[in-house]
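The structure under discussion appears below in the form of structure tokens.
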Amino acid sequence: MTEENKVRVTALRNQGYGYLKIANQLGISLGSVKSFCQRCGLRETPQSTSKKPTQPKSNASDALDALASLETRCKQCGKPILQPPHAKKKLFCSTSCRYKWWNAHPEYGSHRTVHKFTCLTCGTPFESYQKNRKFCCTECYIKSRYKDSSGRENA
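Its first residue numbered 0, the sequence shown is counted upward by one per residue in numbering that gives the first Met the number 0.
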């Protein structure tokens, strides 16, 4: 992107144009316009910003707000946990706290659907997580599989 294009992108962005309109007007790729605007801090158009006047905050209060939003407490022991940015939210401070909490609260675990069946060989009712089961055990499967055409088992 040339210096002239950078100046024109900045001017158009300040006028309220979106990334796509700027890219089409200047004949530059959409990705180039987006990355330039994001690097220069031109992410929001003036129309998209809120109409409420905002008071500038001091750097110290910004830092405290950022820390407060990143801090949560361990579900087991209550210790504060600093959340890493751009990562999955941590719920526990350590592996031992995680194990203790899940052992004390098994009802919150993911529940799989339990299907009820009747064994085709012995007629025993059984439950399984798999929805295509036909036999209650391997023995019943083998008995069913190795019967001859008259219904008797082969030796």
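By construction, the Cβ of each residue, glycine as well, lies at the ideal position given by its N, Cα and C atoms.
In this text, all values refer to a predicted model and were calculated from it rather than measured experimentally.
Rounded to the nearest whole angstrom, the CA to CA distance from Cys139 to Gly108 is 32 Å. The stretch 4-17 makes contact with the stretch 34-43; the number of CB pairs closer than 8 Å reaches 3 or more.
Around the beta carbon of Tyr18, a 10 Å sphere encloses 16 or more other beta carbons of the protein chains shown; the residue is thus reported as buried.
Excluding the 5 residues flanking it on each side, Arg72 has same chain C-beta neighbours closer than 8 Å at Lys78, Pro79 and Ile80, in chain order.
Ala86 sits exposed, since fewer than 16 C-beta atoms from the chains shown fall within 10 Å of its C-beta.
A straight line joining the alpha-carbon of Ala103 with that of Cys96 spans about 11 Å. When rounded, the separation of the alpha-carbon atoms in Cys121 and Pro105 is 34 Å.
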